[in-house]
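*Asks:*
Take a look at the structure:
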């Protein structure tokens, strides 16, 4: 079945770049997403990428998609304390009716 | 303000006591969905609704019911809650299909004793 995997934790120093990685199994995915969840809050869509794109940049965020390897990454440049959150990778599966989420990567920032 | 609201935000209950978690959106969205979030498992979809009176099972529907009698509301019903339904629940909505931006509610934390 469809599956999305990501590592559970990432720690980076303030000011460095953060790279959060994700792999998925559904080769028919058409949309891939990154969501951010701050403590005590719901999920907020950060960005998404169509499967026919390799890269998408939005201010400090860069999304890279390697469709051959089914690998998605989110790079956050100049990581700040406000970036501390759980980041979820998600894909729109072969069914049009649902999104499959990964388990989330908790990003913590060191001073 | 465009938003998805859920009530209650926190709930402690006992096994077998029926409960309902309400979800309401003010954006005239057609698509609504319920997820549960558990440590290490991410979000798993419970039920979804493509429009009024149209609902379908997600990945983990057992022990849950939903209804969509009107566009703005999508309540989640636990007829006989059990401890394994202790979780954090999120309602979400989007304009039409799920590929469009989903707006999430703030979450309902449920503890079943």
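Protein chains in written order, with the numbering used here: chain A, 3 to 113; chain B, 57 to 169.
Cβ coordinates follow ideal geometry from the N, Cα and C atoms, glycine included.
Because the structure is a prediction, the values reported are computed rather than measured.
1. Tell me the DSSP bridge mates of residue 69/B?
2. Could you please give the first and the last residue of the uninterrupted beta strand (DSSP E) stretch that includes residue 92/A?
3. Is it the case that the segment 121–132 of chain B contacts the segment 68–86 of chain B, given that we only count it when at least three CB pairs across the two stretches are under 8 angstroms?
4. Closer than 8 angstroms, CB to CB, is residue 110/A near chain B or not?
5. Which word fits residue 68/B, buried or exposed, when buried means at least 16 other C-beta atoms lie within 10 angstroms of its C-beta?
6. Rounded to whole angstroms, what's the CA-CA distance from residue 41/A to residue 90/B? Just pull it up for me.
7. Return no unless some Cβ of chain B is closer than 8 angstroms to the Cβ of residue 105/A.
8. In chain B, which residues lie with their C-beta within 9 angstroms of the C-beta of residue 47/A?
9. Kindly indicate which three-state DSSP category residue 104/A falls into: helix, strand or coil?
10. Tell me, please, whether the CB atom of residue 43/A is closer than 8 angstroms to any CB atom in chain B?
*Replies:* Let's see:
1. 168/B
2. 87–94
3. With the rule of 3 Cβ pairs closer than 8 angstroms, the segment 68–86 of chain B counts as touching the segment 121–132 of chain B.
4. no
5. Exposed: under 16 other Cβ atoms inside 10 Å.
6. 19 angstroms
7. yes
8. 157, 158, 159 and 160
9. Reduced to three states, the DSSP call for residue 104/A is coil.
10. yes
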